[in-house]
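Note that my numbering has the sequence shown beginning at 7, numbered continuously upward.
The beta-carbon is built from N, C-alpha and C at its ideal position, and this holds for glycine as well.
Below: one structure, written as structure tokens.
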Amino acid sequence: MSATFETVAGIISETCDIPREKITPQSHAIEDLGIDSLAFLDIAFAIDKAFGIKLPLEQWTQEVNEGKAPAEQYFVLENLCKRIDELVAAKKA
Numbered sequence: 007m008s009a010t011f012e013t014v015a016g017i018i019s020e021t022c023d024i025p026r027e028k029i030t031p032q033s034h035a036i037e038d039l040g041i042d043s044l045a046f047l048d049i050a051f052a053i054d055k056a057f058g059i060k061l062p063l064e065q066w067t068q069e070v071n072e073g074k075a076p077a078e079q080y081f082v083l084e085n086l087c088k089r090i091d092e093l094v095a096a097k098k099a
């Protein structure tokens, strides 16, 4: 498992009081882990802080709502971690 996933899983576990072993790369933050949108904002803020990035949540939500992207692209944890890695790489470039 990636260091990014480990960090994200730790943040989710702490923020939402979810046992760490229940959080897998295939977990859907909302459907599987039951995280509501307010809690997800707290998680996103902690991710931003941990990685020194800014998750474009508004853009992602709009894409999902307009049918341009499936929700799984952003809310399944292994996909979320890929987006985080992309943002970190773009910041370093």
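For aspartate 91 and phenylalanine 11, the rounded distance between their alpha carbons | Their Cα atoms are separated by approximately 10 angstroms.
What's the C-alpha gap between lysine 3 and lysine 28?
-> In the structure displayed, the chain extends from 7 to 99; residue 3 sits before or after that span and is not available.
How is the alpha helix (DSSP H) around alanine 95 delimited, first residue to last?
-> 83–98
Between the Cα of serine 2 and the Cα atoms of Ala35, Asn85, Ala96, which residue gives the shortest distance?
-> A question about residue 2 goes unanswered here, because the residues of the chain that appear run from 7 up to 99.
The alpha helix (DSSP H) with isoleucine 41 in it runs from where to where?
-> Annotation for isoleucine 41: no alpha helix (DSSP H) segment contains it, and DSSP assigns it neither H nor E.
By a C-beta neighbour count over all protein chains shown, 10 Å radius and 16 as the cutoff for buried, is serine 33 buried or exposed?
-> buried
Glutamate 5 lies in the alpha helix (DSSP H); which residues open and close that run?
-> Residue numbering for the chain in the displayed model covers 7 to 99; residue 5 lies beyond these limits and cannot be assessed.
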